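For the sequence shown, UniProt numbering assigns the number 1 to the initial residue and increments by one for each residue that follows.
Using N, Cα and C, we set each Cβ at its ideal position, and we do this for glycine too.
All figures in this text were calculated on a predicted structure; none of them were measured in a lab.
Scroll down for the structure; my scribbles are underneath it.
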Amino acid sequence: MIQAWSLTQPEWTCKIDDGPAGIAYARWSPDSRHILTTSDFQLRLTVWSLVNTACVHVQWPKHASKGVSFTQDGKFAAICTRRDCKDYVNLLSCNSWEIMGVFAVDTLDLADIEWSPDDSAVVIWDSPLEYKVLIYSPDGRCLFKYQAYESGLGVKSVSWSPCGQFLAVGSYDQMLRVLNHLTWKTFAEFMHLSTVRGPCCAAVFKEVDEPLLLDMSDLCLSDDFIHNNHDNASEGHFRVRYEVMELPISLPFQKPPADKPNPKQGIGLMSWSSDSQYICTRNDSMPTALWIWDIRHLELAAILVQKDPIRAAAWDPTCTRLVLCTGSPHLYMWNPSGAYCVNVPLQQYTIVDLKWNSDGSCLLLKDKESFCCAAVPALPESSDEYGSDE
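Below, the structure is given as structure tokens:
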């Protein structure tokens with residue numbers, strides 16, 4: 001069952017029950033007046049209107065939570081379906097929810113789809129078993145087919161830059177490749193090596209513990225009080241900070257077992273900065289390291305080495321500031337001036353996911369069973385690169 005509420009009209013409520021078909025996933029439409037649900041076993045995708053209770057069905061959606069993308073202006077939706085062992089893209093108008101066109105795509109097992117930021121094309125990529133990235137126009141013409149290699153597991157993640165000029169493709173071979181939107185050719189390839197050597201302009205920040213110990217040598221306190229204070233420090237009452245490391249440096253590396261499916265390797269996380277000048281990546285075989293690449297200079301800008309695996313990373317929508325979390329009570333930030341750690345002043349609160357609001361003034365921090373909102377001060381307009389490490 002889906003439930004919806006209005007923040008401005010508390011008396012308005014909505015419940016959606018799809019009966020025996022069930023609901024595997026739900027998402028909002030761009031106008032917030034419709035809810036799209038996918039039934040169990042991907043039997044159908046249903047568009048529910050919150051205005052007049054009408055509903056529209058699309059048969060055989062390819063995935064429950066993936067395979068649906070909206071244009072930036074919210075006027076059209078691309079919904080992937082599969083029938084007769086073939087993948088198709090259905091283009092729907094978000095006004096009437098009528099199907100405007102359907103075309104087949106050259107994939108063995110379509111993984112996902114995403115509209116370009118200028119709404120001029122869609123990118124489609126195949127399952128990891130077949131390295132294939134396809135660029136299609138809205139009328140169904142294949143503009144380009146990209147295949148970096150043939151043997152081995154293929155594409156793991158794909159992301160458009162906000163400016164629409166670059167398409168980043170992360171692969172299981174632990175490389176990030178960036179294509180341009182004019183010729184669709186690769187103009188940058190970034191390796192994720194377990195050992196980083198010089199010469200290199202990147203700054204490497206490593207998270208280290210800093211125990212909170214009080215100097216009570218000049219105080220007249222009982223032995224029991226001093227003993228208890230040292231016990232508290234040993235139980236984890238500490239803060240963390242970043243330490244700038246010298247090159248060369250070896251990063252923690254986990255070799256995935258060869259006899260298990262879905263190996264933890266390759267570029268599993270990537271995110272563009274709002275100005276498209278930086279992109280951050282995580283190689284899943286080095287889950288505690290976050291790589292930040294400078295697209296303007298085509299070089300590595302920084303590496304953040306955490307104590308725990310990185311759960312999520314998100315760029316400030318208004319400036320070049322990156323925030324990440326690792327399932328710890330700390331928040332980690334990076335900008336071109338340096339990196340710093342922030343302690344969350346809540347008892348037993350661990351951050352497992354995070355999200356910015358649209359104007360960059362507030363950050364949503366999610367724990368397993370609760371969430372909080374953090375006010376984030378604006379960055380100064382100009383600062384020297386790597387002027388400080390805190």
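Where residue i falls: helix, strand or coil (DSSP)
{"i": "F144", "result": "strand"}
{"i": "G22", "result": "coil"}
{"i": "F76", "result": "strand"}
{"i": "residue 411", "result": "This structure leaves residue 411 out entirely; the chain is present only between 1 and 390."}
{"i": "D367", "result": "coil"}
{"i": "Q42", "result": "helix"}
{"i": "G266", "result": "coil"}
{"i": "A258", "result": "coil"}
{"i": "C200", "result": "coil"}
{"i": "R112", "result": "It should be noted that the sequence gives Asp, not Arg, for residue 112. Three-state DSSP puts D112 in a strand."}
{"i": "M333", "result": "strand"}
{"i": "E299", "result": "strand"}
{"i": "L134", "result": "strand"}
{"i": "F253", "result": "coil"}
{"i": "S96", "result": "coil"}
{"i": "S32", "result": "coil"}
Element boundaries [beta strand (DSSP E), containing residue i]
{"i": "D87", "result": "K86 to S93"}
{"i": "V376", "result": "Per DSSP, V376 belongs to no beta strand (DSSP E) and is neither H nor E."}
{"i": "E207", "result": "A203 to P211"}
{"i": "residue 402", "result": "Here the chain has residues from 1 to 390 only, and residue 402 is not among them."}
{"i": "D126", "result": "V122 to D126"}
{"i": "K15", "result": "T13 to I16"}
{"i": "Q3", "result": "I2 to W5"}
{"i": "G101", "result": "I99 to A104"}
{"i": "F238", "result": "F238 to M245"}
{"i": "V344", "result": "First-last for V344: undefined, no H or E at that position."}
{"i": "C280", "result": "Y278 to N283"}
{"i": "residue 391", "result": "As displayed, the chain neither begins before 1 nor continues past 390, which places residue 391 out of reach and without an answer."}
{"i": "W315", "result": "A312 to W315"}
{"i": "L290", "result": "A289 to D294"}
C-alpha distance - residue i paired with residue j, whole-angstrom precision
{"i": "C85", "j": "C163", "result": "35 angstroms"}
{"i": "C14", "j": "W5", "result": "6 angstroms"}
{"i": "A24", "j": "L212", "result": "47 angstroms"}
{"i": "E189", "j": "W160", "result": "16 angstroms"}
{"i": "K264", "j": "D209", "result": "27 angstroms"}
{"i": "C341", "j": "L322", "result": "12 angstroms"}
{"i": "N262", "j": "L108", "result": "18 angstroms"}
{"i": "N180", "j": "Q174", "result": "20 angstroms"}
{"i": "L129", "j": "G154", "result": "6 angstroms"}
{"i": "C372", "j": "L364", "result": "6 angstroms"}
{"i": "G101", "j": "N90", "result": "6 angstroms"}
{"i": "S388", "j": "Q254", "result": "In this prediction, S388 scores a pLDDT of 39, lower than 50, which makes its location untrustworthy; no coordinate-derived value is stated."}
{"i": "A312", "j": "P329", "result": "14 angstroms"}
{"i": "T38", "j": "V58", "result": "9 angstroms"}
{"i": "L7", "j": "A374", "result": "20 angstroms"}
{"i": "V240", "j": "W125", "result": "40 angstroms"}
{"i": "Q72", "j": "P117", "result": "6 angstroms"}
{"i": "R83", "j": "W60", "result": "7 angstroms"}
{"i": "C325", "j": "Q165", "result": "29 angstroms"}
{"i": "L182", "j": "P10", "result": "49 angstroms"}
{"i": "residue 398", "j": "H297", "result": "Residue coverage of the chain in this structure runs from 1 to 390, which leaves residue 398 outside it and unanswerable."}
{"i": "Q147", "j": "V376", "result": "41 angstroms"}
{"i": "E390", "j": "P30", "result": "Residue placement at E390 is poorly supported in this model, since its pLDDT is 38, which falls under 50; the coordinates still yield a value, given next. If I take the Cα positions, the gap works out to 39 angstroms."}
{"i": "D106", "j": "S361", "result": "43 angstroms"}
{"i": "C142", "j": "I295", "result": "27 angstroms"}
{"i": "D284", "j": "W12", "result": "44 angstroms"}
Identified DSSP bridge partners for residue i
{"i": "V169", "result": "V158 and R177"}
{"i": "H192", "result": "Note: H192 sits in no beta bridge, so no partner."}
{"i": "K355", "result": "L364"}
{"i": "Y349", "result": "Answer is none; Y349 lacks a bridge partner."}
{"i": "F70", "result": "A77"}
{"i": "N52", "result": "Paired residues: none, contrary to the question."}
{"i": "T37", "result": "A26 and T46"}
{"i": "W184", "result": "For W184, which the question treats as bridged, DSSP gives no partner whatsoever."}
{"i": "C372", "result": "L365"}
{"i": "L304", "result": "F205 and L290"}
{"i": "S271", "result": "C280"}
Does the region 199-209 touch the region 290-310, meaning 3 or more C-beta pairs lie closer than 8 angstroms? As far as the Cβ criterion goes, the region 290-310 touches the region 199-209, which means the pair count is three or higher.
Should the region 237-244 be called in touch with the region 278-289, which here means at least 3 C-beta pairs below 8 angstroms? no
Contact the region 92-109 vs the region 69-79: 3+ CB pairs below 8 angstroms: Because the criterion of three Cβ pairs below 8 angstroms is met, the region 92-109 and the region 69-79 touch.
With a threshold of 8 angstroms, are at least 3 pairs of Cβ atoms found where one atom belongs to the region 112-121 and the other to the region 40-57? Counting C-beta pairs closer than 8 angstroms gives fewer than three between the region 112-121 and the region 40-57, which falls short of the contact rule.
Pairs of beta-carbons, one from the region 349-357 and one from the region 298-307, closer than 8 angstroms: are there three or more? Contact between the region 349-357 and the region 298-307 is absent, because fewer than three Cβ pairs lie under 8 angstroms.
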